[in-house]
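A quick write-up on the structure given underneath.
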Amino acid sequence: MSALASHTIPTEERRPAFSRLVTVELRKMVDTRSGFWLPIGVAAITLITVIISALVHHGHEATLAHLFRNSLMPGSFLLPILGILLVCGEWTQRTTLATFTLVPDRGRVLSAKMAASLVFSVGAFVVCLACSAVFAELVGNAPGGAGGIGIAVLGQGLLFLMTAMLIGVAFGAAILVSAPGIVLYLLLPTIWNALAGAIHSLESVGNWLALGNTWSDLPQGNLSGTQWAQVGTTLALWLVLPMAIGWYRFRTRDVN
Amino acid sequence: MIEANSLTKRYGARAAVQDVSFSCAPGTVTGFLGPNGAGKSTTLKMLCGLAHPTSGSSTLLGRPFSQIPNPGRHIGVLIDASAAHSGRRGRETLALSAQLLGVSDSRVDEMLELVGLDKSAAAKRVGQYSLGMRQRLGIAHALLGAPELLILDEPANGLDPEGMRWMRGLLRDFAGRGGTVLLSSHLLHEVEAIADRLIIIADGKIAAEGTRDELVGDKAMTRVRSADDHALRSALRGFAIDVSVADDGALLAEATTEQVGDVALSAGVALRELGSSRAGGLERLFFELTQGADADAPSSDPGTSISAMEASSTLQETVR
Chain A
10 MSALASHTIP
20 TEERRPAFSR
30 LVTVELRKMV
40 DTRSGFWLPI
50 GVAAITLITV
60 IISALVHHGH
70 EATLAHLFRN
80 SLMPGSFLLP
90 ILGILLVCGE
100 WTQRTTLATF
110 TLVPDRGRVL
120 SAKMAASLVF
130 SVGAFVVCLA
140 CSAVFAELVG
150 NAPGGAGGIG
160 IAVLGQGLLF
170 LMTAMLIGVA
180 FGAAILVSAP
190 GIVLYLLLPT
200 IWNALAGAIH
210 SLESVGNWLA
220 LGNTWSDLPQ
230 GNLSGTQWAQ
240 VGTTLALWLV
250 LPMAIGWYRF
260 RTRDVN
Chain B
248 MIEANSLTKR
258 YGARAAVQDV
268 SFSCAPGTVT
278 GFLGPNGAGK
288 STTLKMLCGL
298 AHPTSGSSTL
308 LGRPFSQIPN
318 PGRHIGVLID
328 ASAAHSGRRG
338 RETLALSAQL
348 LGVSDSRVDE
358 MLELVGLDKS
368 AAAKRVGQYS
378 LGMRQRLGIA
388 HALLGAPELL
398 ILDEPANGLD
408 PEGMRWMRGL
418 LRDFAGRGGT
428 VLLSSHLLHE
438 VEAIADRLII
448 IADGKIAAEG
458 TRDELVGDKA
468 MTRVRSADDH
478 ALRSALRGFA
488 IDVSVADDGA
498 LLAEATTEQV
508 GDVALSAGVA
518 LRELGSSRAG
528 GLERLFFELT
538 QGADADAPSS
548 DPGTSISAME
558 ASSTLQETVR
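Top line first, the protein sequences correspond to chains A and B. Numbers 10 to 265, taken from my numbering, label the letters of the first sequence in order. Numbers 248 to 567, taken from my numbering, label the letters of the second sequence in order.
Below you can see the structure in the form of structure tokens.
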């Protein structure tokens, strides 16, 4: 065997490119047993949702736009959980030991996970659109055919899935442990909605800060200026705030 | 090349690692030795940027770990072999890191072959691996980027005797080609045969460091078994010779073989085994230095803990 290198680090050495980190993060999402089946499960549930939506009322309501909106629902619920697992899985399985010794700048790792989530959301969006288009044509029986779909509905549908998954990443980074991360993600918005519903003075705040209100209306298209502002404030609370906490925790927490 | 400067890690009021400084030179194997909980893993994690020191600093190859652009190409790290995703296949675990590092996929197969994981083992999910297989996978992972520096935490854990001999050869060869190795263990016999230098850590502090000869000095040490160890022990103590008991029950006397033989004769005890023992000296030193770590007493100064230990063993002797 040959002699080893000269015990200095070449000054021109480069970090692994960000695109490579993103590719590796995407690979990590699907190369484990659970990682392989979860996206398939999400796609299957999306498909079933579309089929049921296409068949009810003898298909009279099965327009492309209607099916597409419905197809987003499983993803909007499950992508955040995939996002949580994308971050927490590493801490729970302790692969952070390997990841951070190869990429010591943890901010780049978290950024790569965010970028990978966005790519994954685009994939989910394509699945939703494809299922909806196929079943609106095949099974749909709406008067006037499958109909078209507005660019606003498509764009906002994509934004809906992307922010859903990023919310998961943010919760994951803030909490760093899978089970509590998922529980808190499911519980906190529900508790908030219940509070806002029960306490009269909170009712007007609800539209501005509850995930179940304006944010989930994104796929409807045609939001007013006020509604866009409400989407913004809601995301500030459920996406930006946990992401800020997560950005700090993910980068500074000691690995065990 | 590793430099640790006054590394300290506190959890609240408790210091897990206190003022730890040492350096490791190219071409050497350094054994980082101490009982469980002495601060070995915490120190290694601080070197690799996995834990943040409360104070102090460290450099690897002249730079802090976090400042190395592609550290996997220079430093092979194995902190915990069980820290791998149980649902990921063995080969895939390496292939992921190979992609991140930018080394070819064929390097993955070379490393699998080097550590003795065959194709069927590489195709299994890590969850099905034994600890020994995980250890081999971890070593393959550490070697993936063809590093010149290795940091291994308890790498012998879970390896069978054949595996330990294999690893000893691997690390000696690595250091022989100019590489730097720092490996930790809580068992003296695992490292004393491989390491050029030993750093003994107890209670978060370095209790002793140096080559084996430096640590043991030229103090004579004799390993002895007899028909009546109890009587021999009393007799040796009668001649003011310190006696301790080795792991396997043999007596370790701080005296030459001639002295011990003479004492046995005068006490009328038949000898079963007699030999000079450097290893025994090291074992005794390690035992003494690390006793304080397990004691409830707040004392953390190695000097006091040794005398406390000796006092207690003298006390036991008196009771007997």
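For every residue, glycine included, the Cβ atom is placed at its ideal position computed from N, Cα and C.
In the DSSP assignment, find the unbroken alpha helix (DSSP H) run with residue i in it and report its ends.
i             : result
residue 108/A : 105 to 111
residue 196/B : With chain B represented from 248 up to 567, any question about residue 196/B goes unanswered, as that position is not in the structure.
residue 461/B : 459 to 463
residue 202/A : 187 to 207
residue 258/B : Careful: residue 258/B lies outside any alpha helix (DSSP H), inside the beta strand (DSSP E) at 249 to 258.
Examine chain B for any beta-carbon lying closer than 7 Å to the beta-carbon of residue i, and answer yes or no.
i             : result
residue 113/A : yes
residue 33/A  : yes
residue 25/A  : yes
residue 95/A  : no
residue 41/A  : yes
residue 21/A  : no
residue 259/A : no
residue 131/A : no
residue 101/A : no
residue 118/A : no
residue 16/A  : yes
residue 281/A : Here chain A has residues from 10 to 265 only, and residue 281/A is not among them.
residue 110/A : yes
residue 47/A  : no
Near residue i, which residues of its chain fall below 6 Å by C-beta distance, leaving aside the five closest residues on each side in sequence?
i             : result
residue 302/B : 255
residue 483/B : 490, 500 and 510
residue 130/A : 170, 171 and 174
Quick one: what's got a C-beta closer than 8 Å to residue i's C-beta in the same chain, skipping five residues either side?
i             : result
residue 127/A : 171, 174 and 175
residue 157/A : 73 and 74
residue 364/B : 337, 380, 383, 384 and 387
residue 216/A : 222, 223 and 239
residue 78/A  : 162, 166, 228 and 229
residue 479/B : 471, 473, 498, 510, 511, 514 and 516
residue 194/A : 89, 90, 93, 176, 177 and 180
residue 260/A : 115, 116 and 119
residue 168/A : 227
residue 545/B : Interpretation of residue 545/B is limited by its pLDDT of 39, a score under 50 that renders its predicted location unreliable; the figure taken from the coordinates is listed afterwards. Closer than 8 Å at Cβ, skipping near neighbours: no residue.
CB-CB under 7 Å to residue i, same chain, minus the five flanking residues each way: which ones, in chain order?
i             : result
residue 462/B : 445, 455, 529 and 532
residue 280/A : Nothing in the structure corresponds to residue 280/A, since chain A is present only between 10 and 265.
residue 191/A : 90 and 93
residue 142/A : 73
residue 242/A : 217 and 218
residue 68/A  : 148, 149, 150 and 151
residue 432/B : 278, 280, 401, 403 and 438
residue 415/B : 440 and 441
Answer with yes or no whether the minimum CB distance from residue i to chain A is below 7 Å.
i             : result
residue 544/B : Note that residue 544/B scores 37 on pLDDT, short of 50, meaning its location in the model is unreliable; the coordinates nonetheless yield the value given after this. No, residue 544/B lies away from the interface with chain A (no Cβ there is under 7 Å from its Cβ).
residue 326/B : yes
residue 298/B : yes
residue 334/B : yes
residue 250/B : no
residue 258/B : no
residue 346/B : yes
residue 283/B : no
residue 313/B : yes
residue 405/B : no
residue 541/B : Low confidence applies to residue 541/B: its pLDDT is 46, below 50, so where it sits in the model is not reliable, and the reading given next is rough at best. For residue 541/B, the answer is no, since every Cβ of chain A falls outside 7 Å of its Cβ.
residue 515/B : no
Which residue comes first and which comes last in the beta strand (DSSP E) that contains residue i?
i             : result
residue 307/B : 302 to 307
residue 271/B : 261 to 271
residue 491/B : 490 to 492
residue 400/B : 396 to 400
Within this structure, are the beta carbons of residue i and residue j separated by less than 7 Å?
i             : j             : result
residue 378/B : residue 410/B : no
residue 291/B : residue 249/B : no
residue 88/A  : residue 179/A : no
residue 255/A : residue 183/A : yes
residue 441/B : residue 267/B : no
residue 269/B : residue 285/B : no
residue 266/A : residue 96/A  : Residue 266/A lies beyond the residue range present for chain A, which begins at 10 and ends at 265; the question has no answer from this structure.
residue 261/B : residue 41/A  : no
residue 140/A : residue 64/A  : no
residue 273/B : residue 457/B : no
residue 323/B : residue 417/B : no
_Counting beta carbon pairs with one atom in the region 442 to 456 of chain B and one in the region 296 to 312 of chain B, are three or more of them shorter than 8 Å?_
no
The region 394 to 405 of chain B / the region 349 to 360 of chain B touching (three or more Cβ pairs under 8 Å):
no
Q | At least 3 beta-carbon pairs within less than 8 Å: the region 33 to 50 of chain A vs the region 109 to 126 of chain A | A | yes
Taking one C-beta from the region 84 to 103 of chain A and one from the region 130 to 141 of chain A each time, how about it: are there three or more such pairs within less than 8 Å? yes
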